[in-house]
């Protein structure tokens, strides 16, 4: 990956609807080589896809909770069952497995606190291996979905920057 590939990625993170022609102009290439680079970034999985960023409150999902999950056991079958079950809950926006305590951090959206309480009691607490759920209500989002920081190419081995 070179500086032009990195610029393509940076531009698309800000505006994923840029046409290949607009993208090519901004990175200083003609359309054909820019299109080849873009397809290669997609083929190799550097660019995983494109999506619309939607306001959750406008969909009636303005109540957001961070849920810390502590497991009572962590054998492979329990972890697999928990993660598969978690993936099937539509209100789960993100879920990360962590080192240390808690074992998972899950971001959930619902319409309101009553809807969250039902989700917590009926679905989250019923997942395999759950020992404890700790819920923290999100007051406001301060930094959300920003582009990744721009790093230069890795330093050659044996040298520091």
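Numbering (my numbering), first residue to last: 2 to 162. Cβ atoms here follow ideal geometry from the backbone N, Cα and C, with glycine treated the same way.
| Item | Value |
| --- | --- |
| Collapsed DSSP secondary structure at residue 20 in the structure displayed | coil |
| Rounded straight-line distance, which links the Cα of residue 31 to that of residue 99 | 44 Å |
| Residue nearest to residue 69 in terms of C-alpha spacing, selected from 105, 126, 118 | 105 |
| Secondary structure, alpha helix (DSSP H): runs of 4+ residues fully inside the region 114-146 | 114-120 |
| Residue range of the alpha helix (DSSP H) that includes residue 7 | 4-15 |
| Identity of the residue in 81, 128, 151, 112 nearest residue 57 by Cα | 112 |
| C-beta neighbour in chain C for residue 43, strict 7 Å | Considering every chain present, this structure includes no chain C. It has just one protein chain. |
| Segment contact, 8 Å Cβ cut-off, at least three pairs: the region 34-53 with the region 78-96 | no |
| Residue 23 and residue 148 closer than 7 Å at C-beta | no |
| Whole-angstrom distance between residue 74 and residue 18, CA atom to CA atom | 45 Å |
| Sheet register partners of residue 62 (DSSP bridge) | In DSSP, residue 62 forms no bridge with anything. |
| Contact belief for residue 38 with residue 10 at Cβ below 8 Å, rounded distance in angstroms | The pair is not a contact, with the Cβ atoms about 10 Å apart (cut-off 8 Å). |
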